[in-house]
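Take any residue in the sequence shown, note its place counting from 1, add 877, and you have its number in the numbering used here. A short write-up of the structure that comes next.
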Amino acid sequence: IMLTKLQVESSDSLMIHSVWNPKSEPRDSKHLMPIITPAFPAMNSSYNVGYPQLRLLKEEFARGYEITSLINKGEKKWEDFFQCSNFFYRFQHYIEIGVVATNSEDHKRWLGWIESRLRHLTISLEMPPYLLAHPYANPVPHKLPPLPGQIGPLQLCTSFFIGLSFPKAPEPGNIDLTPTIKEFIYKANLWDRRKNTMDLLLRHCPGTELPEFVFKRPFPARNHALIPSDVPTVVIDPLFERQATS
């Protein structure tokens, strides 16, 4: 999507800025859903959209079109269009990524770094046609108690959730996500501004064991018909569930 003609060149003082140009930059040509800013230097505002996010957007656009078409026919009402998300009732397996810190300033910085890495985790989790990842757009803030054996106040935590669906069952019937989680933790720890006040929580949550704080907002009644019963076992080594800096 472009609102204006692409301006590739400008004054010498501005040429230090890179301009989005799929003709000269192979990396730019691989972007899936480019939405280009109209001012110089032109940039792709949807750079973080990968295959999972694009698939989710298309699904929601199609669902919105279907509902509005039924509204125009008088078969549905606008209340149906604005129903709350059923994300936490839709899947049997979820991955929680909790960004933890002891104070608001460190939490804000740590959150920004982890959020910038989540796109790579979502893409890495996918194993088509066996496993598809469905990121939830809204992070959920809450408070987290200290690790077992430690004493201290509740910690600030913002949790991201990724739903997992299984269009085709793999052999021998289970999926080990430990290598993917281990790689994500390794890359997260590369941030040279990380402090010992910052922590990371990663865990597998079965749909029946989701934390209570995700349900402190209105959701539709659970529809068991939406959740397939024949899904593989998801495995994550508990060693990687919570990684604190030493």
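Positions of the beta carbon are idealized from the N, C-alpha and C atoms, including for glycine. As the structure is a prediction and not an experimental result, all values here were calculated from the model.
- The C-alpha of residue 1042 lies about 39 Å from the C-alpha of residue 881.
- 1031 is the residue among 1031, 1080 and 1089 whose C-alpha sits nearest the C-alpha of residue 1074.
- In the three-state reduction of the DSSP assignment, residue 980 falls in the coil class.
- Residue 941: member of the alpha helix (DSSP H) spanning 928 to 949, first to last residue.
- The alpha-carbon separation between residue 979 and residue 1069 amounts to approximately 18 Å.
- In this structure, residue 912 keeps its C-beta atom at 8 Å or more from the C-beta atom of residue 901.
- Within the segment 1032 to 1074, the complete beta strand (DSSP E) segments of 3 residues or longer fall at 1032 to 1042 and 1051 to 1053, listed in chain order.
- Per DSSP, residue 1018 is one residue of the beta strand (DSSP E) stretching across 1017 to 1021.
- The distance from the Cβ of residue 975 to that of residue 1078 is about 3 Å, consistent with a contact at the 8 Å cut-off.
- Annotation: the continuous alpha helix (DSSP H) that includes residue 903 extends over 903 to 906.
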